[in-house]
Structure formats: C-alpha cells, structure tokens
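Residue numbers (the working numbering): 85 to 515. Glycine included, each C-beta is placed from N, C-alpha and C at the ideal position. What you are looking at is a predicted structure, and each value in this text was computed from that prediction instead of being measured.
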Amino acid sequence: MEKKLAQELINFIDNSKTAFHAANEVQNMLVKDGFKELSEGDSWNLEKGGKYFVKKNDSAVIAFVIGNGEIEKDGFRLIGAHTDAPGFKIKPNADMKSENRYVKLNTEGYGGAILSTWFDRPLSIAGRVTLKGENPLKPVVRLVDVNKPVLIIPNLAIHMNRSINEGYAINKQKDTLPLLGFINEKFEKDGYLISLLCESLGVKKEEILDFDLFLYEYTKGCLMGIDEELISIGRLDDQWMVFAGVRALLDSKEIDSTKVMICVDNEEIGSLTSQGANSSLIRRLLERIVISQGKGTEEFFRALANSVMISADLAHAVHPNLGEKHDPTNRPVLGMGPVLKIAASGSYSTDSYSGAIFKSVCEKAGVPMQKFVNRSDVRGGTTIGPMSAADLCIPVVDMGAPLIGMHSVRELASVKDNYYTVKAFTEFYNL
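In structure tokens form, the structure reads like this:
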C-alpha cells in the first residue's frame, strides 16, 4: 500500500515537468473523479455536494467540494500548495553560437535552485507555447514536452579548475548555459529551439508567438534504499504536497464544511502573479463559492471566521552528514511523519493555536508528527502561509513532509512520510 502510493507520487511528478504540466495532471485526477471545470467568466450555480475546479493561467488549479451544511456556519477546510519548482527558464532568442561549432541556449534561473546539481545531467525542455488564434486577444495555448534528452550543462574539467572541490562561485549567465548540439543547416535556417517546438507540436514556426519554457532533468524518479524506503526525484518541493492534497481530497468523505485544495503557481519567486498566492485569487474564489449559494458578504466573512487552512510545503529533515546545521532540540528525520514549521520571524504562519489544530488532526489520524525550527543564526525560507493568513485572517498552519536536499535537481524523501501525509490530509478533510 505505502509503496504503491509512493509510485503514484513518482508517476505524478514524472508527468509534471513544469507547473503547467502539474496543473494538467491535477485536472486529470479531478476529472477522473467526477469534478466539473468552471470558468471564471461564467455564472456559477453550485450545488451542495458538488465537485468543481477552476484553472488559472494554465498553471494553477483550485478544486473544491461544496459542503452539506450552511457555509457561513461550517466554513472552509483549505489546503494550499504550489505547482512550481526551482530551475531554469529559457529566455527569448535563446539560440547561441559558441566557438563556431556549438549551439547552446540562453537561460535564467527560476527560484533558488542548487545550481551544481544541474551539471552533467541529461536535460529536456517542457512548458507552454502560445500560438496564433482567430482572435488576437485570445491566442491558442499548447503544452509542450520535448521528452528526449536534448541538453546538458557540462562541467569544466578539474584540470582547468583545480579549486572546484573547495568551492566555486557559479555564474548563472556564463556557467549554466546548456549545450544543445552542433551548428548545422537546420540551426542556420530556423534555429534549434523553434525547430524542436515545431517538431513537438506539429506546427509551423510562423504560428508560434511566444513561450514559457523550462529545463527539467530527463531521468525519471525512483524508489531506492535497501528496502526501497526512499523516494529520489526532483520537484518534490512542492509537487509532493500538491499530489498529497489532491489525493486526500479525492479519498475524503462528504462533510458539512466546504473542502478546498489550492494549487497555486510562482511560490518560488514570491507568488506575486495572477496565479500566485500573493494575489486576490484565493479570496475571490472563496467569495464566489459563498455568493453562488445565494449568500452575501456578511455570510462570506462569517464563513472565513469558521475556516482553517493548512499551508503545505516541505520541511528540512536533519542531514545525516551535517547535523550541526540544524536546531539543537527540534530535529525532524525522514520516515517519522509530517513536520510542523515554526518561526518567530513570522516567515511561517504557525502559532500555538493553528499548531494545536494540526497536532490534533495527526493524533486523530494516528500519524506521528515532528517540529522544525531554524537554528537561531540561520535565516530560513517562507511559504504561502503568512500571506494567506494575512489576507484571509484565518488560522493557517505551516507544515511540510520532511525532505533532504531541498531545491536540488533531485531531492530525497521517505515512502512512509508520503503515506503519513496523505493520511493526515484526508483526516483534515473528513472533520
């Protein structure tokens, strides 16, 4: 059961090469379970017990099940995660000549990736391409996945960089540009990148208006360890929590509260986009859910007063080789359950009240729970939790499954923690 669920997670992430593909995978899961897609431009008439979802800009999905109770009294049960992951985005006019022999792509960093982990690995390209449509204001959007190893970021030989193992300052504009191939007639005529897109989509280059393209590691994820107790794959941060939340939503029972699974984009770069958590997207959608049931502004605020949210990102497990990097008394490890994330700075939204809610949920689910606090002399990260708490003014708990190697091209997690997290989320949606 636990390994089967872990393999489901691996398959989900393998298919979620970019935030656009992750949103598409979420949509596939929802549609298969009977969820109906809503358009923001349509009038909504939602029924109790109804299952719905909304997509935003192709990379965010918010799914919800209308509760059987009165929304102003029973409120929302929300879980929030993000679809994006750190890596490299391809710039416009990306093809570059080098040494009159090579072709490489011009890229820029997206989020805080561990750059060294991207070197000497087969890479591919995926994302979104916008094509000419009948209406200039409504171009056609197509997802693309080249789905073959076409790129590599080569290291410099140690003989020419003798100090590389003592630390090397990687320059994103110079050192991390991926090699695509050799200069030839195809490159001189159309450029390699556009040729790849035309070949993958079956379109002419004149149809392509623009694109949002990212690099991804071509090698698939796997179970590993002596008993296959570990999960090795990229983008666990935070597509793991997207998968766990959606899986829990599908597995949970009908309740009086309205259950909401929020999968937003662009957390890794601050969330300040129309499809990010630092917009009015979440609030607007929740308000529309209330309005669609014949309620008003007063009922919307009453519903919020009876709501609670889990901000689900990932947490740092103690590193087996570098234990001194962690807090001396709060030391989460792989395989021992989800982790409550706490910070006096407010970079995590957990306080004693919201933390107690999550602890009670885990106890009711029979799931172990751990706590994470940064060393006091180390600045930690943040999540969509604080911005959601500030905007909605509801209890928000920041938690995450434990992880080693966060923001590496290939992260490490535990099969057991995947099972524990889905179980805890399902219990939350059952309350």
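* Expressed to the nearest angstrom, what Euclidean distance is found between the alpha-carbon atoms of Lys-288 and Leu-281? -> Position 204 of the sequence shown, counted from the first residue, corresponds to residue 288. Position 197 of the sequence shown, counted from the first residue, corresponds to residue 281. Cα-Cα distance, rounded: 9 Å.
* To do: Would you check whether the ligand NAD has a heavy atom nearer than 6 Å to the C-beta of Ile-198?
  => Among the components of this structure there are no ligands whatsoever, and the ligand NAD is therefore not found.
* Note the first and the last residue of the continuous alpha helix (DSSP H) segment covering Leu-487. => Locating residue 487 in the sequence shown gives position 403, counting from the first residue. Unbroken run through Leu-487 is the beta strand (DSSP E), 480–487; no alpha helix (DSSP H).
* To do: Throw me the rounded Cβ distance for the Ala-169 and Gly-378 pair, which I believe falls under 8 Å.
  => On the sequence shown, residue 169 is found 85 positions in, with the first residue counted as 1. On the sequence shown, residue 378 is found 294 positions in, with the first residue counted as 1. Contact doesn't hold; Cβ gap of about 40 Å is too wide.
* With DSSP as the reference, please indicate the residues paired to Met-180 in a beta bridge. => Along the sequence shown, one-based indexing puts residue 180 at 96. Answer by DSSP bridge pairing, in chain order: Lys-188.
* To do: Pull up the distance between the alpha-carbon of Glu-383 and that of Ser-127, whole angstroms please.
  => Stepping through the sequence shown from its first residue, residue 383 is reached at position 299. Stepping through the sequence shown from its first residue, residue 127 is reached at position 43. In a straight line, the C-alpha of Glu-383 is about 19 Å away from that of Ser-127.
* Asked: Going by alpha carbons, who is nearest to Val-348 out of Val-213, Ser-143, Val-110?
  -> Translated into positions along the sequence shown, residue 348 becomes position 264. The candidate whose alpha carbon is nearest that of Val-348 is Ser-143.
* Asked: The beta strand (DSSP E) with Asp-296 in it runs from where to where?
  -> The count along the sequence shown starts at 1 and reaches residue 296 at position 212. Residues 292–301.
* Sequence-distant residues of the same chain with beta carbon closer than 8 Å to Lys-87, five excluded per side -> Here residue 87 corresponds to residue number 3 of the sequence shown, with the count starting at 1. Counting only Cβ-Cβ distances below 8 Å, and skipping sequence neighbours, we find Leu-307, Glu-312, Val-499.
* **Burial state of Gly-305, where buried means 16 or more other Cβ atoms lie within 10 Å** => Here the question's residue 305 lines up with position 221 in the sequence shown. With 16 or more Cβ atoms within 10 Å of its Cβ, Gly-305 is classed as buried.
* Should Met-80 and Lys-188 be called a contact, given that it needs their Cβ atoms to be closer than 7 Å? -> As displayed, the chain neither begins before 85 nor continues past 515, which places residue 80 out of reach and without an answer.
* Contact check, Leu-424 vs Gly-439, beta carbons under 7 Å -> Locating residue 424 in the sequence shown gives position 340, counting from the first residue. Locating residue 439 in the sequence shown gives position 355, counting from the first residue. Contact: yes.
* If Leu-365 and Lys-120 are in contact, beta carbons under 8 Å, what's the gap, nearest whole angstrom? -> Locating residue 365 in the sequence shown gives position 281, counting from the first residue. Locating residue 120 in the sequence shown gives position 36, counting from the first residue. Not confirmed; about 19 Å, so no contact.
* Asked: Is it a yes or a no for the segment 144–161 touching the segment 108–125, going by three-plus beta-carbon pairs under 8 Å?
  -> yes
* To do: Assess, as a yes-or-no matter, whether the segment 322–329 is touched by the segment 258–269 under the definition of 3 or more beta carbon pairs within less than 8 Å.
  => no
* **Cβ distance (whole Å) where Asp-274 is taken to contact Lys-101 below 8 Å** => By one-based count along the sequence shown, residue 274 stands at place 190. By one-based count along the sequence shown, residue 101 stands at place 17. Not confirmed; about 24 Å, so no contact.
* C-beta atoms of Asp-340 and Thr-510 nearer than 7 Å -> Here residue 340 is taken as the residue at index 256 of the sequence shown, counted from 1. Here residue 510 is taken as the residue at index 426 of the sequence shown, counted from 1. Contact flag unset, no.
* What is the DSSP secondary structure of Leu-424, counted as helix, strand or coil? -> The residue you call residue 424 lines up with position 340 of the sequence shown. Strand.
* Is it right to say Leu-370 is buried, meaning 16 or more other beta carbons lie within 10 angstroms of its own, or is it exposed? -> To locate residue 370, count along the sequence shown from 1; it is residue 286. Flag for Leu-370 reads buried.
* Within 10 angstroms of its Cβ, does His-243 collect 16 or more other Cβ (buried), or is it exposed? -> Residue 243 sits at position 159 when you count from the first residue of the sequence shown. Exposed is the call here.
* To do: Inspect the beta-carbon positions of Arg-226 and Leu-285 and report whether they are closer than 7 Å.
  => Stepping through the sequence shown from its first residue, residue 226 is reached at position 142. Stepping through the sequence shown from its first residue, residue 285 is reached at position 201. Contact: yes.
* Asked: To the nearest angstrom, how far is it from the Cα of Ile-441 to the Cα of Val-481?
  -> As a first step, residue 441 is located in the sequence shown; it is residue number 357 there, counting from the start. As a first step, residue 481 is located in the sequence shown; it is residue number 397 there, counting from the start. Roughly 8 Å between the two C-alpha positions.
* Tell me which same chain residues have a C-beta within less than 6 Å of the C-beta of Ala-197, skipping the five on either side of it? -> Mapped onto the sequence shown, residue 197 falls at position 113. Counting only Cβ-Cβ distances below 6 Å, and skipping sequence neighbours, we find Pro-170, Gly-171, His-491.
* Asked: When you compare only the Cα positions, how much space is there between Tyr-503 and Ile-267?
  -> To locate residue 503, count along the sequence shown from 1; it is residue 419. To locate residue 267, count along the sequence shown from 1; it is residue 183. Distance between the alpha carbons of Tyr-503 and Ile-267 is about 49 Å.
* For Arg-459, count neighbouring Cβ atoms within 10 angstroms of its own Cβ and tell me buried if that reaches 16, exposed if not. => Counting from 1 along the sequence shown, the entry for residue 459 is found at position 375. Arg-459 is exposed by the Cβ-count criterion.
* Tell me which same chain residues have a C-beta within less than 6 Å of the C-beta of Phe-203, skipping the five on either side of it? -> Residue 203 sits at position 119 when you count from the first residue of the sequence shown. Result list for Phe-203: Ile-237, Asn-239, in chain order.
* Compare the C-alpha of Met-483 against each of Val-493, Cys-477, Asp-501, Asp-475 and name the closest. => Taking the first residue of the sequence shown as position 1, residue 483 is located at position 399. Among Val-493, Cys-477, Asp-501, Asp-475, the Cα nearest to that of Met-483 belongs to Asp-501.
* **Neighbour-count burial assignment, Val-462, 16 or more Cβ in a 10 Å radius** => Counting from 1 along the sequence shown, the entry for residue 462 is found at position 378. Flag for Val-462 reads exposed.
* If you follow the beta strand (DSSP E) that Arg-226 is part of, which residue opens it and which one closes it? -> In the sequence shown, counting from the first residue as 1, residue 226 sits at position 142. Taken as a continuous stretch (DSSP letters only), the beta strand (DSSP E) holding Arg-226 covers 224–229.
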